[in-house]
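The next block holds one structure in the form of structure tokens; read it before the comments.
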Amino acid sequence: MVERYTIEAGGPVSVLDYGGDGPLIVCVHGLEGSAYNWNLTAPRLAETHRVIAPDLSGFGYTPPLEGGSTVERNAGLVRDVIDYYGGEAVLIGNSMGGLISILTSDLYPDRVSSLVLISPAAPAFSLLTLNIPAAARLSVPLIPWIGGKVIDAFRDHYTVDEGVVEALAFVAVSPDTLDPDVWERAAEIAALRRTQPWATGALVEATNSILPHVLRKGRFGELIHRVTQPTLLIHGTDDELIHVAAARWIGRQRPDWTVVFFEGVGHVPMLEAPDRLLAVFATWETAMIPA
Numbered sequence: 199m200v201e202r203y204t205i206e207a208g209g210p211v212s213v214l215d216y217g218g219d220g221p222l223i224v225c226v227h228g229l230e231g232s233a234y235n236w237n238l239t240a241p242r243l244a245e246t247h248r249v250i251a252p253d254l255s256g257f258g259y260t261p262p263l264e265g266g267s268t269v270e271r272n273a274g275l276v277r278d279v280i281d282y283y284g285g286e287a288v289l290i291g292n293s294m295g296g297l298i299s300i301l302t303s304d305l306y307p308d309r310v311s312s313l314v315l316i317s318p319a320a321p322a323f324s325l326l327t328l329n330i331p332a333a334a335r336l337s338v339p340l341i342p343w344i345g346g347k348v349i350d351a352f353r354d355h356y357t358v359d360e361g362v363v364e365a366l367a368f369v370a371v372s373p374d375t376l377d378p379d380v381w382e383r384a385a386e387i388a389a390l391r392r393t394q395p396w397a398t399g400a401l402v403e404a405t406n407s408i409l410p411h412v413l414r415k416g417r418f419g420e421l422i423h424r425v426t427q428p429t430l431l432i433h434g435t436d437d438e439l440i441h442v443a444a445a446r447w448i449g450r451q452r453p454d455w456t457v458v459f460f461e462g463v464g465h466v467p468m469l470e471a472p473d474r475l476l477a478v479f480a481t482w483e484t485a486m487i488p489a
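Take the position in the sequence shown, starting the count at 1, then add 198; the result is the number in the numbering used here.
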């Protein structure tokens with residue numbers, strides 16, 4: 199049974215502990231997400247692994263830690279979470295959490311045994327594949343001085359439930375088919391963020407820290423070429439935030455990685471197609487284990 203508690207990992211970090219025995223898995227959520235994003239997959243992963251999902255610095259129930267809410271700081275948080283539970287970990291990261299997982303494997307390679315990247319933050323492949331509404335939404339926190347005010351104005355204009363409907367419609371192809379737990383937990387976190395004076399600042403800081411890593415394909419390519427761990431990349435073909443062309447490009451850069459495309463799935467395969475994701479992970483992990 200899942201349990202929430204706070205650990206000391208470079209500061210007070212709220213984690214969901216899904217229990218289990220076996221190799222450690224640390225699940226890393228994306229921008230504006232939380233540890234709850236793994237509720238549909240983590241319990242079944244815990245049948246064969248020890249599974250932990252932290253709320254990142256400035257997100258969910260974790261306050262901004264010393265060093266802020268940048269992706270680099272959150273790579274340090276992931277390292278500290280691994281150290282708290284001991285050994286090394288399989289990192290499973292979605293969106294911004296995918297980039298954080300890559301950075302953790304690069305900065306602290308001895309803490310990471312393998313990577314599962316689910317629609318990771320990546321460069322826009324070309325202007326032809328750029329989704330204008332998605333780009334506009336993601337660009338708001340980047341506007342100097344007023345980005346945070348625009349976000350706060352949006353939240354003031356919509357109820358919590360209206361904001362959740364808009365957010366899930368943005369990341370999922372068919373939000374009305376999502377498990378009720380997804381809606382319930384998304385509403386819980388959306389309401390929580392309205393009570394946290396740091397929530398908007400953390401979102402702005404995290405978004406701005408992503409940009410340097412994905413603005414130029416050359417820099418991102420150098421980063422992924424430094425990854426030495428076995429890596430599985432899963433990407434939805436209908437992802438409106440990170441176009442599938444970006445995943446195909448990553449696959450060409452790293453032909454040694456296993457790349458799997460989920461037809462008809464958007465930006466959050468662990469919420470839209472959890473059974474398919476778990477099956478792919480189990481097959482991939484079994485193939486990695488020497489006979």
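Think of the CB as a built atom: it goes at the ideal place given N, C-alpha and C, for glycine as much as any other residue.
- When DSSP states are grouped into helix, strand and coil, His465 belongs to the coil group.
- Per DSSP, reduced to three states, the secondary structure at Arg248 is strand.
- In the structure shown, Val402 falls within a helical segment according to DSSP collapsed to helix, strand and coil.
- Glu245 is classed as exposed because its beta carbon has fewer than 16 other beta carbons within 10 Å across all chains shown.
- For Arg424, the closest C-alpha among the options Ser299, Gly208, Ser212 and Val200 is that of Ser299.
- Between Leu401 and Leu469, the C-beta spacing is not below 8 Å.
- Between Thr398 and Ala485, the alpha-carbon positions lie close to 42 Å from each other.
- Under a 10 Å Cβ-count criterion, Asp278 is classified as buried, with 16 or more other Cβ atoms of the shown protein chains found around its own Cβ.
- For Thr435, there is no enclosing beta strand (DSSP E), as DSSP marks it with neither H nor E.
- Between Val226 and Leu289 the beta-carbon gap is near 6 Å, inside 8 Å, which marks them as a contact.
- Bounds of the alpha helix (DSSP H) holding Tyr283 are Val269 to Tyr283.
- Apart from the 5 residues on each side of it in sequence, Trp482 sits with its Cβ closer than 6 Å to the Cβ of Leu430 and Thr456 in its chain, given in chain order.
- A distance of 8 Å or more separates the beta carbons of Ser407 and Thr302.
- With contacts defined by Cβ atoms closer than 8 Å, Val466 and Val362 do not form a contacting pair.
- With respect to the 8 Å criterion, Asp436 and Val478 are not classified as neighbours on the basis of their beta carbons.
- The shortest C-alpha to C-alpha distance from Gln427 to any of Val213, Val310, Ser232 and Asp281 is the one to Val310.
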